[in-house]
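Heads up, the first sequence is in our numbering, so the first residue is 17 and it goes up one at a time.
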Amino acid sequence: MDDLITRLNDQEQQRYQKMVRLRERGINPYPLRTARTHTARAALDAFARGEAVTGAAFAGRLVALRDMGKLTFAHLQDGTAKIQLLVRKDVVGAEQYALLMKDIDLGDFIGVTGDLVRTRTGEITIQVATFELLAKTLSPLPEKWHGLKDTETRYRQRYLDLLANETAREIFIKRAQIVQAMRKFLDGQDFLEVETPVLQPLYGGAAAEPFVTHHNKLDRDMYLRIADELYLKRLLVGGYERVYEISKDFRNEGIDIKHNPEFTMMECYQAYGDYTTMMDLVEGLYGACALAAHGTLQITYQGHALDLTPPWRRVTMRDLILETSGVDIYTATDLPALLRRIAELNLKVERHPTWGKLVDELFSTFAEPTLIQPTFVTNHPTEISPFAKKTLENPNVVERFEAFAANMELGNAFTELNDPLDQYARFVEQQTQRQAGDKEAHQIDLDFIEAMMHGMPPTGGLGVGVDRMVMLLTDQASIREVILFPQLRS
RNA sequence: GGGUCGGUAGCUCAAUUGGCAGAGCAACAGCCUUUUAAGCUGUGGGUUCAGGGUUCGAUUCCCUGCCGACUCACCA
């Protein structure tokens, strides 16, 4: 403990000395119990309604002190609101008053009792009768006016950000409201919330590199899940018709303004639905969450006015690529033909191109930057969609959509593939990609195939990035602003 | 992983061509009975991210490393 104390800076040393003085006078700086009768919000509201609030007990953090000599104004912040304190030396007594002035610091938790009054300026204020220390603070808090701006400190010591920056506190309240609305919406549609393994012997359900870990007693490597898909579908084989899971997924990829290695995903599956069912679901879900966070479907994101009112625009990937790049992927239907068209556009080609990957590249480069208003982009290449059913008209593309708004992908859904033999063939194709060097291609999951051989109903499935949704609904450009403890470099 | 910019007191920020490292808030000692970024007087507080180099002298210039932001690559 001594080594901790010697590491304290000068302000922390002073606070520590105050704590020692308090103990010497028989005052426990960390008492066991708090007697509270009112939150700041409840008391302010009651008084504003004209009710008298007398002999009330409050608890919170001391966040401002204005010492006028024989009286002091202060502000107490609790979990609900900030409320002004008026402490008069002639009311609390010289000894107590001196305690406040000498040994209680900004940031300390205190409990006060008193009556609510209005000051001359009209502010509803607790006229303090008694006060006591509830918890001593050793480190000074960030400055009251400029707040805390240093991004590294804001993310690494999020508690300081939440204390100093009102908007940060509000974002995570909205996040909770959004997730709550999501659950309520899905529960209301008779979806069953389930939990599936995070720790998996094989990973799958998305194209991504996993985090690898090791089980010591079993002496085998395990993977943190990259998606919930393959386990949730097993539950449809098991007879549940509508299931969903809201959970962390993990992808071992770069970190940037829209990607965190662990992120929250909502996946749901609905038997006897298809991808159009999922479009209706996305519109309903986003609507419910937007209403919970905003009370309206008209939102502003990074300067863009967005209208979430259904129906959202629905456009095929082919039409969108044709419209934005001039390339018709239904004319250039094989790899050599598409490569020739792409060469004309001077577009860079990756090392292991397939027709599907090039289509995706064309889409990302030309079409995606144009997608501001909510849009369902449909009918992706079969090659990059190993879990979706092919369309009747064209086996090169599948019944799939990705939802976009403000150039951000918001969700991904399929008419789920339930043909075990086709599924096996897709896995084999993925394996080929894998052997060609694509680390993100799927491994063959025979256990999943076996499940599907027992029969899976026709199903619509959907994945929605919860962090992305919160970004959109709180107007935040960076995913780090909507994750309490985001991954930083080290 | 590449590029650009940045890291100075507890917090927010200054510091001229390379010449004693400063301010506001916070802290400390005082004054003040209606303030609310209270005010007034005085005081203390620095591994200038770390290590090396150039120089009489480095917060400043150079190199290496660490950390962050943005950006590119990557990313269903």
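We treat Cβ as the ideally placed atom computed from N, Cα and C, and that holds for glycine. Here the structure is a predicted model, which means the values were calculated and not measured.
Can you tell me the Cα-Cα spacing of residue i and residue j, whole angstroms?
i	j	result
Leu313	Pro277	30 Å
Tyr440	Lys200	36 Å
Ala51	Gly109	21 Å
Lys118	Lys34	8 Å
Ala446	Pro436	It should be noted that the sequence gives Gln, not Ala, for residue 446. Taking the straight line joining both Cα atoms gives about 15 Å.
Glu299	Asp94	37 Å
Met84	Lys105	10 Å
Tyr49	Val69	One detail in the question is off: residue 49 reads as Arg in this sequence, not Tyr. Roughly 23 Å separates the two Cα atoms.
Thr293	Asp461	27 Å
Thr4	Met469	Lying before the first or after the last residue shown, residue 4 is absent from the chain, which here runs from 17 to 506.
Gly427	Gln143	53 Å
Phe125	Lys152	7 Å
Glu257	Asp335	34 Å
Asp323	Ala422	11 Å
Thr96	Val228	42 Å
Gly303	Gly66	38 Å
Asp272	Gln112	52 Å
Val414	Lys233	42 Å
Lys455	Pro369	14 Å
Glu148	Asp19	30 Å
Asp166	Leu179	14 Å
Leu176	Lys98	17 Å
Glu425	Ser380	11 Å
Val253	His162	57 Å
Asn510	Lys190	Given a span of 17 to 506 for the chain in the structure shown, any question on residue 510 remains unanswerable.
Thr347	Leu361	16 Å
Asp121	Phe188	28 Å
If residue i and residue j are in contact, beta carbons under 8 Å, what's the gap, nearest whole angstrom?
i	j	result
Tyr219	Arg241	6 Å
Leu102	Thr129	Between Thr129 and Leu102 the Cβ distance is about 13 Å, and since that is not below 8 Å, they are no contact.
His91	Ala72	Not confirmed; about 16 Å, so no contact.
Thr394	Arg484	So it is not a contact: roughly 19 Å between Cβ atoms.
Gly76	Ala56	7 Å
Ala507	Glu432	With the chain covering 17 to 506 only, the question about residue 507 has no answer from this structure.
Glu283	Glu339	Not a contact, Cβ separation roughly 31 Å.
Met295	Phe417	6 Å
Leu301	Met198	6 Å
Arg39	Pro47	Actually they are not in contact, since the Cβ atoms of Arg39 and Pro47 sit about 12 Å apart, beyond 8 Å.
Arg356	Val343	At roughly 10 Å, the Cβ-Cβ gap does not stay under 8 Å, so Arg356 and Val343 are not in contact.
Check the DSSP bridge columns for residue i and list the partner residues they point to.
i	result
Leu92	Leu78 and Ile99
Ile43	Bridge partners of Ile43: none, in fact.
Glu209	Tyr260
Asp237	His230
Val331	Val393
His320	Tyr317
Asp83	Thr88
Gln216	Tyr239
Ala353	Paired residues: none, contrary to the question.
Ala72	Gly130
Arg104	Leu87
Closest to residue i by CA distance: which of the options is it?
i	options	result
Leu307	Gln196, Thr167 and Asp296	Gln196
His275	Val482, His458, Asp19 and Ile21	Val482
Tyr288	Gly477, Ile120 and Val36	Gly477
Glu366	Val331, Asp290, Gly453 and Asp323	Gly453
Ala467	Arg267, Gly255, Leu176 and Ala180	Gly255
Phe63	Arg134, Leu92 and Phe89	Arg134
Lys406	Tyr291, Leu378 and Thr381	Tyr291
Ala309	Val486, Val228 and Ala56	Val486
Leu374	Pro385, Ala404 and Met333	Met333
Ala224	Ala321, Gly204 and Arg267	Arg267
Gly123	Gln451, Asn410, Ser155 and Gln492	Ser155
Ile315	Ala404, Arg23 and Ile388	Ile388
Glu261	Tyr239, Gln286 and Leu208	Leu208
Phe443	Arg484, Ala419, Leu488 and Ile400	Ile400
Ala429	Ala243, Asp177, Gln318 and Lys364	Ala243
Arg496	Gln173, Leu157, Ile21 and Gln29	Gln173
Tyr247	Val210, Asp237 and Arg416	Val210
Leu164	Gly42, Thr183 and Leu150	Thr183
Gly127	Asn362, Thr146, Pro502 and Gln193	Thr146
Pro411	Glu269, Leu215 and Thr349	Thr349
Gly138	Leu354, Gln100, Gln286 and Glu159	Gln100
What residue ranges within the region 123 to 161 form continuous alpha helix (DSSP H) runs of no fewer than 4 residues, ordered along the chain?
-> none
In chain order, each alpha helix (DSSP H) run of at least 4 residues that lies wholly inside the region 242 to 288 | 245 to 253
Completely contained beta strand (DSSP E) runs for the region 442 to 484, where each covers 3 or more residues | 475 to 481
Within the region 359 to 431, note down every full beta strand (DSSP E) run reaching 3 residues or more, in order along the chain.
-> 391 to 394, 416 to 421 and 424 to 431
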